[in-house]
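Quick notes on the structure that follows.
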Amino acid sequence: EDLKRHGVKVQPVDINHSDVRCLPEQQGTERAMRIGFNYVRDLGEDGRSAIVDERAKNGHYKSFDTFLDRLRGRPIGPRAVRNLVMVGAFDELGEPRRNLLWGWQERWHGRGLRRGIESQHNLHLDAAAPTAIPDVDEFDANQLEYRISDLSTGHHLIHFCRERLDQLGALQSKVLPKIPSGRQVRVAGLVITRQAPSTAKKIRFFTLEDEFGHVNVTIKPDVYDRYRRIANHKPILVIDGVMQRQDGVWSVLASHIEALEGIPRPKTRSHDYR
1463 EDLKRHGVKV
1473 QPVDINHSDV
1483 RCLPEQQGTE
1493 RAMRIGFNYV
1503 RDLGEDGRSA
1513 IVDERAKNGH
1523 YKSFDTFLDR
1533 LRGRPIGPRA
1543 VRNLVMVGAF
1553 DELGEPRRNL
1563 LWGWQERWHG
1573 RGLRRGIESQ
1583 HNLHLDAAAP
1593 TAIPDVDEFD
1603 ANQLEYRISD
1613 LSTGHHLIHF
1623 CRERLDQLGA
1633 LQSKVLPKIP
1643 SGRQVRVAGL
1653 VITRQAPSTA
1663 KKIRFFTLED
1673 EFGHVNVTIK
1683 PDVYDRYRRI
1693 ANHKPILVID
1703 GVMQRQDGVW
1713 SVLASHIEAL
1723 EGIPRPKTRS
1733 HDYR
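In structure tokens, the structure reads:
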């Protein structure tokens, strides 16, 4: 998210362009960063290297079927292949994700590439069957990226909640630095960190993130005790509080905490109490 806010285009995992780890790309005059296979859950180090090494040796993968055929016997399990499909690694090959998933669910028997796969003709999709299957929409693609990679190369999750948050009066993070200290505000975002330093006398420090930046939240013990369950377990929080500044650093001193309800639960994992 920080890269995107600094004008760097973040490119998704791609079976023919990603490396083992994230690498910078130059697209004309634009700076870009290509997400690496290390952001695909259940794809281990050996599996990542196998994909890259095979591609370097024998060229780009032309289809999902040829990918499976060329990596037969390599250390890549069925979950990893399914996650590659769901995160969009094969999108540039022109086959919709749900078409591939349909074939995967119908024809995969859990053998894993490391133990061999069925003969190629058994893995091909029936020509007529997938036509009625709609492709994933923008929101679904966003959720799949968060679920599998803990990030999104497209819109931030809060983008899809913005209309609702505007109706609730929650301010965007980008306007908060202009608000004077002592003013009552309402903020909202995806919780990305929860911290309770041993030297802070039971004060909690949360960081929320929206599509524009971060919101630092300070929670005193009495407020935390009142909203503990919501604060610790809900992924998207709406917080009322007072703007405060100290040594040039601003934060919101929380007085009320609630969850943003009525939306699909995001699959991201916050970095809590580390």
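Residue numbers (our numbering): 1463 to 1736.
Where is the CB? At the ideal position from N, CA and C, for every residue including glycine.
Does the Cβ-Cβ distance between Val1704 and Leu1715 come in under 8 Å? yes
Residue range of the unbroken alpha helix (DSSP H) whose run includes Gly1516: According to the sequence as given, residue 1516 is Glu; it is not Gly. In the DSSP annotation of this structure, the continuous segment of the alpha helix (DSSP H) that includes Glu1516 starts and ends at Glu1507 to Asn1520.
Any contact of the segment 1520-1527 with the segment 1497-1506, i.e. 3+ C-beta pairs under 8 Å? no
Taking 7 Å as the cut-off, is the beta-carbon of Gly1703 closer than that to any non-hydrogen atom of the ligand MN? This structure lacks the ligand MN; in fact it carries no ligand of any kind.
Taking the continuous beta strand (DSSP E) assigned at Phe1667, which residues delimit it? Arg1666 to Asp1672
Could you tell me the alpha carbon to alpha carbon distance between Arg1536 and Pro1642, rounded to whole angstroms? 59 Å
Out of Arg1645, Phe1622 and Gly1651, point me to the one whose CA is closest to Gln1634's CA. Closest by C-alpha distance to Gln1634, out of Arg1645, Phe1622 and Gly1651, is Gly1651.
Candidates Glu1492, Gly1490 and Ala1632: closest to Glu1720 by CA position: Ala1632
List the endpoints of the continuous beta strand (DSSP E) containing Asp1684. Note, Asp1684: premise wrong, no beta strand (DSSP E); alpha helix (DSSP H) at Pro1683 to His1695.
Do you know how far the Cα of Val1711 is from the Cα of Asp1672? 18 Å
So, at 6 Å on beta carbons, what are the nonlocal neighbours of Asn1694 in its own chain, with the 5 sequence-adjacent residues on each side left out? Counting only residues of its own chain and dropping the five nearest sequence neighbours on each side, Asn1694 has no CB closer than 6 Å to any other CB.
In DSSP terms, what Ala1494 is bridged to: In the DSSP output, where bridge partners are listed per residue, Ala1494 has Lys1471 and Glu1487.
Can you tell me whether DSSP reads Ser1713 as helix, strand or coil? strand
Going along the chain, which residues of its own chain have a beta-carbon closer than 6 Å to the beta-carbon of Ala1542, five neighbours each way excluded? Asp1504, Leu1505 and Gly1509
Tell me the residue span of the beta strand (DSSP E) that contains Val1700. It spans Ile1698 to Gln1708 - the beta strand (DSSP E) in which Val1700 sits, taken as one unbroken run.
Using DSSP with H/G/I as helix, E/B as strand and the rest coil, what is Ile1620? Collapsing the DSSP output to three states places Ile1620 in a helix.
Count the other C-beta atoms from every protein chain shown that fall within 10 angstroms of the C-beta of Asp1553, then say buried if there are 16 or more, exposed otherwise. buried
So, are the CB atoms of Leu1546 and Val1502 less than 8 Å apart? It is a contact, given that the beta carbons lie within the stated cut-off.
Limits of the alpha helix (DSSP H) - the one that Ala1650 falls within: Counting along the chain, Ala1650 falls outside any alpha helix (DSSP H), though it belongs to the beta strand (DSSP E) covering Gln1646 to Gln1657.
Return the residue from the list Asp1709, Ser1511, Pro1558 and Pro1659 that minimises the CA-CA distance to Phe1526. That would be Pro1558, whose Cα lies nearest to the Cα of Phe1526.
Closer than 8 Å by C-beta to Ser1717: which residues in its own chain qualify, once you throw out the five before and the five after it? Chain order, please. The residues are Val1685, Asp1702, Gly1703 and Val1704.
Do Val1653 and Pro1697 have their CB atoms nearer than 8 Å? Their beta carbons are under 8 Å apart, which means Val1653 touches Pro1697 by this criterion.
Roughly how many whole angstroms lie between the Cα atoms of Gln1657 and Arg1666? Looking at the two C-alpha atoms, the distance is approximately 6 Å.
Simplified DSSP assignment, three categories, for Asn1500: Note: Asn1500 maps to helix in three-state DSSP.
Inter-residue Cα distance where the pair is Asp1709 and Leu1638: 16 Å
For Asn1678, name the three-state secondary structure that DSSP assigns. strand
Tell me the residue span of the alpha helix (DSSP H) that contains Pro1540. Pro1540 to Met1548
When the Cα of Leu1630 is compared with those of Lys1636, His1618, Val1514 and Val1647, which residue comes out closest? Val1647
How many angstroms separate the CA atom of Arg1707 from the CA atom of Ser1713? 7 Å
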